[in-house]
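If you're matching positions, the sequence shown starts at 1 in the UniProt record's numbering and goes up one per residue. Think of the CB as a built atom: it goes at the ideal place given N, C-alpha and C, for glycine as much as any other residue. For reference, the structure discussed in these notes is given below.
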Amino acid sequence: MTDGAASTGNYVMHMMGASIPSQLVPRYGVPCAIYVPNHVAVQEPVLLLTTNAEEESDGFFTVDPVRKLQRQMARGKPATGLNCWVCGSHSSLHWGLKSDLQENVLTLEAELAKAQTRVTQVKNEADRRLRAELQLRRSWKKQQLEFEAQLATDDHQKILEQTTKSLLQQLQRNSQLLKHDGAETNVETAKSECVICRDRPANTAVYPCGHLCFCQEDGEKYQNHLRHQKQCPVCQVEMISLLRIYAP
Numbered sequence: 001m002t003d004g005a006a007s008t009g010n011y012v013m014h015m016m017g018a019s020i021p022s023q024l025v026p027r028y029g030v031p032c033a034i035y036v037p038n039h040v041a042v043q044e045p046v047l048l049l050t051t052n053a054e055e056e057s058d059g060f061f062t063v064d065p066v067r068k069l070q071r072q073m074a075r076g077k078p079a080t081g082l083n084c085w086v087c088g089s090h091s092s093l094h095w096g097l098k099s100d101l102q103e104n105v106l107t108l109e110a111e112l113a114k115a116q117t118r119v120t121q122v123k124n125e126a127d128r129r130l131r132a133e134l135q136l137r138r139s140w141k142k143q144q145l146e147f148e149a150q151l152a153t154d155d156h157q158k159i160l161e162q163t164t165k166s167l168l169q170q171l172q173r174n175s176q177l178l179k180h181d182g183a184e185t186n187v188e189t190a191k192s193e194c195v196i197c198r199d200r201p202a203n204t205a206v207y208p209c210g211h212l213c214f215c216q217e218d219g220e221k222y223q224n225h226l227r228h229q230k231q232c233p234v235c236q237v238e239m240i241s242l243l244r245i246y247a248p
């Protein structure tokens with residue numbers, strides 16, 4: 001070992017020992033360090049290793065290139081063949097480099113597993129909420145259609161009730177007029193005859209006006225064969241359908 005390398009190694013050990021509290025390590029602060037000497041013509045980093053330190057001596061240290069030391073440590077022996085003064089081992093495993101790396105790998109694998117589990121949970125939760133939203137939309141659409149159908153049924157029922165009420169009122173007025181004139185049979189025949197054939201009694205009313213205009217046969221013919229707009233023969237209101245009236 002050259003004097004320049006020795007002085008550089010002593011300087012590095014002194015600087016590293018001064019930067020760490022003395023109560024943490026026995027004498028030299030740390031047993032090794034990797035550095036690039038400033039006063040020696042070395043083109044790559046070297047490692048300073050302190051071994052067999054004693055109370056009354058300076059101990060031994062070697063300065064080797066990192067790549068060379070890596071090849072030697074792979075065989076489980078340091079450069080000088082001396083035991084480490086910290087743990088008495090020939091192997092580089094006592095520095096904890098491989099164990100720390102293994103712990104880091106295990107930690108990263110555990111974190112990756114947790115992250116994957118979390119991603120799976122988030123995806124499942126998103127799928128569940130999407131299915132619930134789709135089900136809610138289908139339910140809402142179904143209720144909306146049922147409500148619209150109910151509204152249409154209610155409107156149709158109201159129109160039928162109004163038409164029936166109008167027909168009953170007209171029948172009641174006709175009955176009162178027949179009783180008042182004293183010619184119930186003749187007037188009833190005149191009032192209830194079909195406006196087309198003038199022969200059969202009128203038993204079919206026009207919806208929605210409520211006029212009793214046709215017999216059953218003529219009402220069906222009028223409704224089926226009329227090509228243009230269908231109107232009531234009495235009031236000329238647009239005819240929607242015909243209602244069969246049964247006498248009590």
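* To do: Measure the alpha-carbon distance for Leu212 versus Ser241 and round it to whole angstroms.
  => By one-based count along the sequence shown, residue 212 stands at place 212. By one-based count along the sequence shown, residue 241 stands at place 241. Going by the C-alpha atoms only, they are around 13 angstroms apart.
* Leaving out five residues on either side along the sequence, give the residues of the same chain with a beta carbon under 8 angstroms from the beta carbon of Lys230. => Working through the sequence shown from its first residue, we reach residue 230 at position 230. Cβ within range, chain order: Tyr222, Gln223, Glu238, Met239.
* Starting from Tyr207 and walking both ways along the beta strand (DSSP E), at which residues does that stretch end? -> The residue given as residue 207 occupies position 207 in the sequence shown. Tyr207 -> beta strand (DSSP E) spans 204 to 207.
* To do: Taking Cys235 and Cys215 to be in contact with their CB atoms under 8 angstroms, please state how far apart those CB atoms are, rounded to whole angstroms.
  => Locating residue 235 in the sequence shown gives position 235, where the first residue counts as 1. Locating residue 215 in the sequence shown gives position 215, where the first residue counts as 1. Rounded, the Cβ-Cβ distance is 19 angstroms, inconsistent with contact.
* Cβ neighbours of Ala202 in the same chain (closer than 8 angstroms, five flanking residues each side left out) -> Working through the sequence shown from its first residue, we reach residue 202 at position 202. Counting only Cβ-Cβ distances below 8 angstroms, and skipping sequence neighbours, we find Ser192, Glu193, Cys194, Val195, Leu212, Cys213, Phe214, Cys215.
* **Nearest candidate by alpha-carbon position, reference Val206, set Cys232, Gln157, Lys158, Asn124** => Stepping through the sequence shown from its first residue, residue 206 is reached at position 206. Ranking Cys232, Gln157, Lys158, Asn124 by Cα distance to Val206 puts Cys232 first.
* How about Leu243 and Thr153: do their beta carbons lie closer than 9 angstroms? -> Taking the first residue of the sequence shown as position 1, residue 243 is located at position 243. Taking the first residue of the sequence shown as position 1, residue 153 is located at position 153. Contact flag unset, no.
* In chain order, what residues of the same chain have a beta carbon less than 8 angstroms from the beta carbon of Ser139, not counting five sequence neighbours either side? -> Counting from one through the sequence shown, the residue named residue 139 turns up at place 139. Contacts found: none.
* Asked: beta strand (DSSP E) containing Ser192: first to last residue?
  -> On the sequence shown, residue 192 is found 192 positions in, with the first residue counted as 1. Per DSSP, Ser192 belongs to no beta strand (DSSP E) and is neither H nor E.
* Asked: Given that a residue counts as buried once 16 or more other Cβ atoms are within 10 Å of its Cβ, and exposed if not, what is Thr204?
  -> Sequence index remark: in the sequence shown, residue 204 carries index 204 (1-based). By the neighbour-count rule (16 or more Cβ atoms within 10 Å), Thr204 is buried.
* To do: Would you tell me roughly how many angstroms separate the C-alpha atoms of Cys197 and Gln144, rounded to the nearest one?
  => Here residue 197 refers to the residue found at position 197 of the sequence shown. Here residue 144 refers to the residue found at position 144 of the sequence shown. Computed Cα separation, rounded: 48 angstroms.
* alpha helix (DSSP H) containing His225: first to last residue? -> What you label residue 225 is simply residue 225 of the sequence shown in a count that begins at 1. From DSSP, the alpha helix (DSSP H) with His225 extends over 216 to 225.
* Asked: Out of curiosity, what's the CA-to-CA distance linking Tyr246 and Leu160?
  -> What you label residue 246 is simply residue 246 of the sequence shown in a count that begins at 1. What you label residue 160 is simply residue 160 of the sequence shown in a count that begins at 1. Counting only the Cα atoms, Leu160 lies some 16 angstroms from Tyr246.
* To do: Please report how far the alpha carbon of Gln116 lies from the alpha carbon of Arg137, in whole angstroms.
  => As a working mapping, residue 116 is identified with position 116 in the sequence shown. As a working mapping, residue 137 is identified with position 137 in the sequence shown. Rounded to whole angstroms, Gln116 to Arg137 spans 31 angstroms at the Cα level.
* Just mark Asp155 as buried or exposed, buried being the case when its beta carbon has 16 or more other beta carbons within 10 Å. => Mapped onto the sequence shown, residue 155 falls at position 155. Asp155 should be labelled exposed.
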